[in-house]
Amino acid sequence: MGIRSAYPKAVAVHHIPSTTSNRYRYRWQQSHNNHTIISTTTVSSHRPSKSPLQIRLPLLQSPKRKDPNPHETARAPTSPTAIKTTSTTSDVLSLMDSLRLPIPADIYASLVKECTITKDAARAAELHAHINRTGLRPRLPLLNRLLLMYVSCGCTDAARQLFDEMSLKDYNSWAIMIAGYVDSGDYDEAVKSFVAMLQHHDNMLEVPSAWIIAWVLKACVNTMNLGLGEQVHGWLLKAGYTMNLFVSSSLINFYGKFKCLGDADFVFDQIPLRDTVIWTNKIVNNCREEHFEEVLNAFKEMGRAGIKKNHFTLSSVLSACAKLKDDGRCGLQVHANAIKLGIDSNVFVQCGLVDMYGKCGLLRDARMVFETIRRPEKYCMLECHAYWLHSARVLH
Numbered sequence: 001m002g003i004r005s006a007y008p009k010a011v012a013v014h015h016i017p018s019t020t021s022n023r024y025r026y027r028w029q030q031s032h033n034n035h036t037i038i039s040t041t042t043v044s045s046h047r048p049s050k051s052p053l054q055i056r057l058p059l060l061q062s063p064k065r066k067d068p069n070p071h072e073t074a075r076a077p078t079s080p081t082a083i084k085t086t087s088t089t090s091d092v093l094s095l096m097d098s099l100r101l102p103i104p105a106d107i108y109a110s111l112v113k114e115c116t117i118t119k120d121a122a123r124a125a126e127l128h129a130h131i132n133r134t135g136l137r138p139r140l141p142l143l144n145r146l147l148l149m150y151v152s153c154g155c156t157d158a159a160r161q162l163f164d165e166m167s168l169k170d171y172n173s174w175a176i177m178i179a180g181y182v183d184s185g186d187y188d189e190a191v192k193s194f195v196a197m198l199q200h201h202d203n204m205l206e207v208p209s210a211w212i213i214a215w216v217l218k219a220c221v222n223t224m225n226l227g228l229g230e231q232v233h234g235w236l237l238k239a240g241y242t243m244n245l246f247v248s249s250s251l252i253n254f255y256g257k258f259k260c261l262g263d264a265d266f267v268f269d270q271i272p273l274r275d276t277v278i279w280t281n282k283i284v285n286n287c288r289e290e291h292f293e294e295v296l297n298a299f300k301e302m303g304r305a306g307i308k309k310n311h312f313t314l315s316s317v318l319s320a321c322a323k324l325k326d327d328g329r330c331g332l333q334v335h336a337n338a339i340k341l342g343i344d345s346n347v348f349v350q351c352g353l354v355d356m357y358g359k360c361g362l363l364r365d366a367r368m369v370f371e372t373i374r375r376p377e378k379y380c381m382l383e384c385h386a387y388w389l390h391s392a393r394v395l396h
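What follows is the structure in C-alpha cells.
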C-alpha cells in the first residue's frame, strides 16, 4: 500500500536491495519549480515495496549574493584606530569639575602647552581663570608656561599683567616678555624690559640666555639705539660671553645694520671657530654696503676654510656678482659651485642666477635658468623684470 502526497510526482529513485532489516535512504533532488523532494524508500528483507512514501518540502535557499558592481567604490572596514576623538581644554576641565576631582599641576601644564600650540586666546584665558578659581598656587615653571601661552596667543597685555603679579621671576620670565614685545613689534617696551631686568638682577656678570641678547639687539636695530647695543656688547665682553656663536652672529648682524663694518669685523676676528652663519653674515654686510670685492674674498676664504655654503650664502654672492662688470665670469663660477653642492635647484639660488645673468647680458643662460623655476611669478618677479628690461635694451 502506497501513500502519495498531493504534490507533483517526484523524480524516480532506484531501489537498492538489502538483506538486512528495514533501512531508510534519503536522496535530495532539485525539481524544476525550486522545491526539494525527499524520497523515502523502505526496503524489506522479504520483498521490495512497490509504492515508496514521498514527502515534498519547500527548499531552504541561502540568501543570494549580490554581484559586485565594478563601478562602486569599495568601502574600507572601519578600524578602531581610524576613529579619532578630539577633546578641547573646556571638555577636560568640565569633566574634572563634574567628577569633583582636583586637577594636578602637571595636567594644567599639559593643557597650557596645548593652548600654546593652538594659539587659542579664548581657551587660554578660560584655562587661566580656572586655575585662579581652584585656588592653586602655581610654581615658577607653570607661571612661565602661562606667560609663554599668552605671548604665543598675542595677548601681551594679559602676559604683562601676569608678569607684574609674579612675586618671583627668573631669566626665562624676562626672556618671554622681551621676545613677546619684539614679536609684536613693540620694540620700545622690549628695550625697557631689558633695562628693568638688569636692574632687577644684581649679578651683572651672570649673562642670561643667548636668546635674550638676540632679541634685545634686534630691538636696538629697530629703535635705532646704537648706544644700548654697544653697551650690551661691552657687557658681554666683560662677562666673557662673546665666544657664543649665536651671540656673535647677532652682534655681527647688529653692527652691519648700523653700517659699522669695522666693529662687525672685530667681532668676526674674535671668533676662533666660525660656522656657516658667521661667514654668511659677514658676506651679507659687505654686499649691503656694496663692497663686492670683499664679498668675493670672503667667499673664497670660506671655501678654503672648508665651511659648507648654503643657499643664503650663494644668493648673497650672486647679488654681488650681478653688480660686477666682469661679463659674468664670477657668476659662472658661483653657478658651478652651486651645481657641485647640489643646491642649484633652490629657488633663491635660481632667482639670483636669473638676476645675475640678466644684468650681465647673458640672456640665453638667464632664460635657461628661468625655465627651470617652478612658479617664477611668485618667487622672482624683480629678477624677471631685470631680465626682460635688459632684453629690451639689447633689442633696441
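Under full-length UniProt numbering, the final residue of the sequence shown carries the number 396; numbering is consecutive throughout. From the three backbone atoms N, C-alpha and C, an ideal C-beta is built for every residue, glycine too. Predicted model, so just to flag it, every value in this text is computed and none were measured.
Check, Outcome
"From C360, G229, Y357 and V151, residue whose alpha carbon lies closest to that of S184", "V151"
"Rounded C-alpha distance that separates E301 from L318", "16 Å"
"Reduced DSSP secondary structure (H/G/I, E/B, other) of R160", "helix"
"Integer-rounded CB distance, given that K259 should sit under 8 Å from E289", "6 Å"
"Per-residue burial, S345 [other beta carbons within 10 Å of its own, 16 or more giving buried]", "exposed"
"K340 versus L148 - alpha carbon distance", "43 Å"
"Stretch-stretch touch, CB-based, cutoff 8 Å, three pairs: the region 325 to 336 with the region 301 to 313", "no"
"Nearest-angstrom Cβ-Cβ length linking V112 and L136, presumed shorter than 8 Å", "The pair is not a contact, with the Cβ atoms about 12 Å apart (cut-off 8 Å)."
"Residue from T223, C220, K257 and V267 with nearest C-alpha to Y241", "V267"
"Buried or exposed by the 16-neighbour rule on C-beta atoms within 10 Å, applied to P272", "exposed"
"Outcome for H130 when other beta-carbon atoms lying within 10 angstroms are tallied against a minimum of 16", "buried"
"Among L146, Y181 and A175, nearest to E165 - alpha-carbon criterion", "L146"
"8 Å Cβ cutoff met for V247 and A219", "no"
"Sequence-distant residues of its chain with Cβ nearer than 8 Å to A105 (five each side left out)", "L136, P138, R139 and L142"
"Exposed unless 16 or more other CB atoms sit within 10 angstroms - verdict on T280", "buried"
"Residue range of the unbroken alpha helix (DSSP H) whose run includes C220", "A210 to N222"
"Distance cut-off 7 Å: E114 Cβ against heavy atoms of the ligand ZN", "Within the structure as shown, the ligand ZN is missing, as the structure has no ligands at all."
"Inter-residue CB distance, V232 and I213 (contact presumed, cutoff 8 Å)", "7 Å"
"Rounded distance between the beta-carbons of V277 and C287, thought under 8 Å", "About 15 Å separates the two Cβ atoms, so there is no contact after all."
"Under 8 Å between C-beta atoms of D275 and L236", "no"
"Coil, strand or helix - Q350 by DSSP", "helix"
"Check whether N222 and I176 have beta carbons under 8 Å apart", "no"
"Minimum C-alpha distance to K119 - residue among F254, T156, C360 and K323", "T156"
"Local Cβ density within 10 Å of K359, reported as buried at 16 or more and exposed below that", "buried"
"Where the alpha helix (DSSP H) containing V141 begins and where it ends", "Looking at the sequence shown, residue 141 is not Val but Pro. Counting along the chain, the alpha helix (DSSP H) containing P141 begins and ends at L140 to S152."
"Secondary structure of N286, DSSP reduced to three states", "helix"
"M197 - containing alpha helix (DSSP H), residue span", "Y187 to H200"
"Range covered by the alpha helix (DSSP H) that runs through L273", "No alpha helix (DSSP H) holds L273; DSSP gives it neither H nor E."
"Status (buried if at least 16 other CB within 10 Å, exposed otherwise) for N225", "buried"
"Which of helix, strand or coil DSSP assigns to T372", "coil"
"Endpoints, the alpha helix (DSSP H) within which H130 is located", "A121 to T134"
"Proximity winner among A320, S250 and G306, relative to I283 (alpha-carbon distances)", "A320"
"Reference S170, options A159, E189, S209 and Q161, closest by Cα", "The sequence as given places Asp at residue 170; Ser does not occur at that position. With distances taken between Cα atoms, D170 lies closest to S209."
"Coil, strand or helix - K309 by DSSP", "coil"
"Cβ shell of S249 (< 7 Å), same chain only, five flanking positions each side left out", "V277, I278 and N281"
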